Amino acid sequence: MNLLEKLEQGWQKLASNLDSKQQAERKLLEALQRDYAEEIGLAEALKKQSENVPYDHLRQKLLNIAEAEQRHAEMLREKIRELGGEVKARRLTGDSLSTLDLLKILEEEKEEYTEYLNARALAQEAEREDIRELLERIREEEVLHRKQLMDVLSRLNPLPIER
Ligand SMILES: [Fe+2]
Ligand SMILES: [Fe+2]
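Numbering (numbering that gives the first Met the number 0), first residue to last: 0 to 162.
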């Protein structure tokens, strides 16, 4: 292989690396936009559901989770803007999250956990360590939400729930 061919190969490699990084960044942006809409929807659903809870301390637990989801949404919004994207408060597909009952909210929390795992992998591919760290922090909080929600549910519902 002569020098020119070697140079050309080097450029091609560089270009394809840049390309895959850009692709990962685009996918990451889409994932963050999805997550943002879900956090907003969950926060709304939790606030709505808290109105039906007849015990102050349990109602407060739901409101605390709603506040955390709102915070997650705000942190995600910042990163979405950094990546040059816009935030959409509504999911493009599927039903509205804001009408979910507590059991469905619990399901959503479980799904969120997996989604943040995937988004975290995209952040790594896109070489965005700051976003990867943020997603990891949010994911850890989702684990707590799941436990807190199960706790509220088990106190509200005398029937044993699936764990
Ligand atoms: Fe969240
Ligand atoms: Fe959560």
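Using N, Cα and C, we set each Cβ at its ideal position, and we do this for glycine too.
All of these numbers come straight from a predicted model, not from anything done at the bench.
- Separation of the CB atoms of L27 and A122 is rounded to 6 Å, and the pair is thereby assigned contact status at 8 Å.
- The beta carbons of Y112 and I137 sit no closer together than 7 Å.
- In the DSSP assignment, A120 falls within the unbroken alpha helix (DSSP H) covering L101 to E124.
- Taking a 10 Å sphere around the C-beta of D34, we find 16 or more other C-beta atoms and assign the residue as buried.
- Counting only the Cα atoms, H144 lies some 10 Å from N63.
- Its Cα nearest to that of Q32, the residue R89 stands out among R89, Q147 and K103.
- In the DSSP assignment, R89 falls outside any alpha helix (DSSP H) and carries neither an H nor an E.
- Straight-line spacing of the CA atoms in A44 and A14 works out to 45 Å.
- Measuring C-alpha to C-alpha distances from G40 to each of N51, K87 and L3 identifies K87 as the nearest.
- Close CB contacts of L17 within its chain, under the 6 Å cut and outside five residues either way in sequence, are absent.
- Residue range D55 to E81 is occupied by the alpha helix (DSSP H) that includes N63.
- W10 has its alpha-carbon roughly 15 Å from the corresponding atom of M0.
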